[in-house]
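> According to the numbering used here, the sequence shown holds residues 76 to 337 in order.
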Amino acid sequence: MTDTPMNETPPNDTPTRDTIGRRTVLVATGATAVTLAVGAAVPGTQASPDTAPVAAAAVCTLTKEMTEGPYYLDGQYVRADITEGKTGFPLKLALTVVDDDTCATISNALVEIWHCDALGEYSGYVGNNGHNEPDSGTFLRGGVLTDSSGVAHITTVYPGWYIGRCVHIHVKVHVGVTLTSDGSFTGGTELHTGQLFFNETITAKVGALSPYSANTVRRTTLAQDGIYDDGGAASGLLTLTALGSSPSAGYSGTLTLGVERS
Numbered sequence: 076m077t078d079t080p081m082n083e084t085p086p087n088d089t090p091t092r093d094t095i096g097r098r099t100v101l102v103a104t105g106a107t108a109v110t111l112a113v114g115a116a117v118p119g120t121q122a123s124p125d126t127a128p129v130a131a132a133a134v135c136t137l138t139k140e141m142t143e144g145p146y147y148l149d150g151q152y153v154r155a156d157i158t159e160g161k162t163g164f165p166l167k168l169a170l171t172v173v174d175d176d177t178c179a180t181i182s183n184a185l186v187e188i189w190h191c192d193a194l195g196e197y198s199g200y201v202g203n204n205g206h207n208e209p210d211s212g213t214f215l216r217g218g219v220l221t222d223s224s225g226v227a228h229i230t231t232v233y234p235g236w237y238i239g240r241c242v243h244i245h246v247k248v249h250v251g252v253t254l255t256s257d258g259s260f261t262g263g264t265e266l267h268t269g270q271l272f273f274n275e276t277i278t279a280k281v282g283a284l285s286p287y288s289a290n291t292v293r294r295t296t297l298a299q300d301g302i303y304d305d306g307g308a309a310s311g312l313l314t315l316t317a318l319g320s321s322p323s324a325g326y327s328g329t330l331t332l333g334v335e336r337s
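1. When burial is assigned at 16 or more other CB atoms within 10 Å of the CB, is residue 156 buried or exposed?
2. Do residue 233 and residue 326 have their beta-carbon atoms positioned less than 8 Å apart in this structure?
3. Count the C-beta pairs between the segment 268-275 and the segment 283-291 that are closer than 8 Å, then say yes if the count reaches three, no if not.
4. Does the Cβ-Cβ distance between residue 297 and residue 275 come in under 8 Å?
5. With C-beta atoms as the reference, is residue 245 less than 8 Å away from residue 143?
6. Taking only the alpha-carbon atoms, compute the straight-line gap between residue 172 and residue 202 and give it to the nearest angstrom.
7. Under the assumption that residue 217 contacts residue 299 (Cβ atoms under 8 Å), give the Cβ distance between them as a whole number of angstroms.
8. Closest to residue 295 by C-alpha separation, out of 238, 259, 317, 280, would be which residue?
9. Between 177, 176, 230, which has its C-alpha nearest residue 190's C-alpha?
10. Going by the CB atoms, is the gap between residue 328 and residue 220 shorter than 8 Å?
11. Starting from residue 338, follow the alpha helix (DSSP H) in both directions and report where the run begins and ends.
12. Report, in whole angstroms, the separation of the C-beta atoms of residue 259 and residue 222, which I expect to be a contact under 8 Å.
13. Can you tell me the Cα-Cα spacing of residue 308 and residue 314, whole angstroms?
14. For residue 162, collect the residues of the same chain with a Cβ closer than 7 Å to its Cβ; drop the 5 residues on either side in sequence, then sort them by chain order.
15. In angstroms with no decimal places, state the Cα-to-Cα distance between residue 253 and residue 186.
16. For residue 238, list the residues DSSP reports as bridge partners.
17. Figure out for me which residue from 215, 322, 334 has the closest Cα to the Cα of residue 54.
18. Would you call residue 211 buried or exposed, if buried means 16 or more other Cβ atoms sit within 10 Å of its Cβ?
19. Let's see if you can read the secondary structure: which residues bound the beta strand (DSSP E) around residue 301?
20. For residue 280, which residues in the same chain have their Cβ closer than 8 Å to its Cβ, ignoring the five residues on either side in sequence?
21. I'd like the span of the beta strand (DSSP E) that includes residue 169, first residue to last.
22. Do the CB positions of residue 170 and residue 226 come within less than 8 Å of each other?
23. For residue 306 versus residue 141, is the C-beta spacing smaller than 8 Å?
24. Among all the DSSP beta bridges, which residues are the ones paired with residue 232?
25. In this structure, does DSSP put residue 326 in helix, strand or coil?
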C-alpha cells in the first residue's frame, strides 16, 4: 500500500503527487469485522443499525491517508450537527477512532469533517462549482469529540459532487484540542487527514432526485476518481445503511479509523 496520495487541485482537481507520512488503520473485530468486510466487498450493504464498531482483540489493517484538498478552513465549530439548514438527504455518521498500536478506542479526539452541498459548493468557496447561492462560510463544516467508546456521531446531509471528483467527505482527527468560548477549538495535534467515500449504486439513486438532480456538473464516479483507489473500506469507503424505504429518508454511515499517536 503506497504512502503517496494523490493531491486535489481546483477547479478540475488534476492529481499531483504529494507524500504524506502518517498512517491510519481500519479496525474490525467479531461481528463488526464481518460487517465491514461485507461493506468493503459489496459497498453500501445494509447492516443492523445496532451494530457498533468494536476494538477489543482487533486485527488492524493499514490504510493510507489522503489529501486535505483545497477547501479546508481552520477553526470551524465543534458541533454534532453541521447542516445549517442545507437541503439534502440526512446522513448520520458514526466514526470510531482507535490507536493503531493497541487498537484501543480514543475518547475526546476531535473528528472534523467538511464537504460540499447538493450543488457541489463548499462554504467559503461558493461559486467554484458554477452555482450561485448564499455562503455562510461554515455550512457543512465542523466536528465533535469522540465519546467514551471512541465514537464521533455527526449529522449532516449526503454530499453532492463537483468538477473532477466523486462524492466524498474530508475528515481530520485531532487530539489534545482546547475548546473555545465561541464554539470552536484551538491547538492539539492532527493525527489523520483522509476522505470518506460512498457506494456508487446508492449515489446514483441519490443523484437522480431533487435537490441533487439540480447539480448541473457531470458526476465523476468512484472508478473515474483520481484519488479513490478502489481499496474499499480500507480506503475510506463507508458502510451505508438505509434509514428508510426511499433514498430521501437518508443513510447512516460507519467506519472505524485507527491513528498513529506517536
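Ideal Cβ placement from N, Cα and C applies to all residues, glycine included.
In short, the structure shows the following:
1. exposed
2. yes
3. no
4. yes
5. yes
6. 34 Å
7. 29 Å between Cβ atoms; not a contact.
8. 238
9. Looking only at 177, 176, 230, the smallest Cα-Cα distance to residue 190 is reached by 230.
10. No, the pair does not count as a contact, with Cβ atoms beyond the cut-off.
11. The first residue shown for the chain is 76 and the last is 337, placing residue 338 beyond what the model contains.
12. Between residue 259 and residue 222 a beta carbon distance of about 20 Å is seen, past the 8 Å cut, so the two are scored as non-contacting.
13. 8 Å
14. 193, 286
15. 13 Å
16. Among the bridge pairs identified by DSSP, residue 238 is matched with none.
17. Any answer about residue 54 is impossible in this case: the structure gives the chain only from 76 up to 337.
18. Residue 211 should be labelled exposed.
19. It is not in any beta strand (DSSP E) - residue 301 carries neither H nor E in the DSSP assignment.
20. 322
21. 165-174
22. For the 8 Å CB-CB criterion, residue 170 and residue 226 form a contact.
23. no
24. 165
25. If DSSP states are grouped into helix, strand and coil, residue 326 belongs with the strands.
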